[in-house]
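> Have a look at the structure that comes next, please.
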Amino acid sequence: MSIVNLALGAQRTLEKTAVFEGIAPLLLRLYLAPIMIQAGWTKLGSFENTVDWFANSDYGLGLPAPALLASLAIAAELLGGVFILLGLATRWSSIPLMFTMLIAAFSVHWPNGWPAIADASSWLSDGTIMFNENVMSAPDKLAAAKGLLQEHGNYDWLTSSGKFVVLNNGIEFAMTYFFMLLSLFFTGGGKFTSVDYFLRRKFMPS
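Numbering-wise, my numbering puts 479 at position 88 of the sequence shown, and it's gapless, one number per residue.
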């Protein structure tokens with residue numbers, strides 16, 4: 392048997408896994424839905440503070456019609472999160488959520504560059520990609536904080552759940568969620584794993 396035949400046989404075997412193609416969008420949905428629902432629930436639980444943050448240009452977003460925009464953001468995250476979880480109107484639900492992520496990325500996180508966590512050793516902190524001077528000063532701040540905690544606090548207990556880091560609050564998380572939602576926009580909820588798939592089979596048979 393030639394190498395070409397072996398390669399073709401392997402490719403045919405690989406293509407049989409396409410029956411499970413719905414797993415990938417399902418995993419994206421299961422990852423994204425709790426994040427979106429929690430974000431909307433948090434905003435709803437402190438609605439007045441959310442509106443104030445949307446309105447205030449000094450420490451917030453400085454957006455017009457803050458109550459309306461806050462309500463739309465909450466609806467997008469809460470309802471969109473539930474719909475994505477179910478795989479119902481997945482592509483439609485991803486659109487307002489993508490806008491929400493872009494607004495968050497460029498209105499809130501953009502001045503902080505790309506990284507979510509300040510890591511001066513990262514190649515993203517070398518001054519060429521999304522450079523942020525706060526990232527470069529993070530090691531000194533972290534060392535000072537650790538010194539204070541080691542001297543005056545129960546450092547072993549405080550770090551038992553994980554090491555301390557400096558939050559940079561860059562666009563990394565918002566853009567990651569955006570790309571995941573963009574993927575769902577193109578793939579839909581997934582074959583055999585979404586309500587959309589079964590509705591389409593019932594009402595739009597090929």
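Beta carbons are placed, not taken as given, at the ideal position from N, Cα and C, and that holds for glycine. Just so you know, these numbers come straight off a predicted model, no measurement behind them.
(1) Run the CB neighbour count on leucine 575, radius 10 Å, all protein chains shown included, and call it buried at 16 or more, exposed below.
(2) Measuring straight from C-alpha to C-alpha, what distance separates isoleucine 475 and serine 484?
(3) Quick check: the Cα distance between glutamate 412 and glycine 581, rounded to an integer number of angstroms?
(4) In the structure shown, what three-state DSSP assignment does leucine 558 receive?
(5) On the premise that leucine 469 lies in contact with leucine 435, defined as a C-beta separation below 8 Å, what is that separation, rounded to the nearest angstrom?
(6) Taking C-alpha atoms, which residue in Ile562, Ser528, Ala509, Thr481 lies nearest to leucine 417?
(7) If we ignore side chains and look at the alpha-carbon of each, how far apart do alanine 535 and glutamine 541 end up?
(8) State buried or exposed for tyrosine 450, treating a residue as buried only when at least 16 other CB atoms are found within 10 Å of its CB.
(9) Between which two residues does the alpha helix (DSSP H) holding serine 574 run?
(10) Measure the alpha-carbon distance for isoleucine 428 versus alanine 467 and round it to whole angstroms.
(11) Let me know if proline 506 comes out buried or exposed under the rule of 16 or more other beta-carbons within 10 Å of its beta-carbon.
(12) Taking only the alpha-carbon atoms, compute the straight-line gap between isoleucine 494 and serine 393 and give it to the nearest angstrom.
(13) Note down the Cα distance separating tryptophan 432 from threonine 404, rounded to an integer number of angstroms.
(14) Which whole-angstrom value describes the C-beta separation of alanine 565 and alanine 496, a residue pair presumed to lie in contact below a C-beta threshold of 8 Å?
(15) Based on the DSSP secondary-structure assignment, which residues constitute the bridge partners of isoleucine 508?
Answer, in terms of the structure:
(1) buried
(2) 7 Å
(3) 7 Å
(4) strand
(5) 7 Å
(6) Thr481
(7) 10 Å
(8) exposed
(9) 563-578
(10) 9 Å
(11) buried
(12) 55 Å
(13) 45 Å
(14) 4 Å
(15) Leu558
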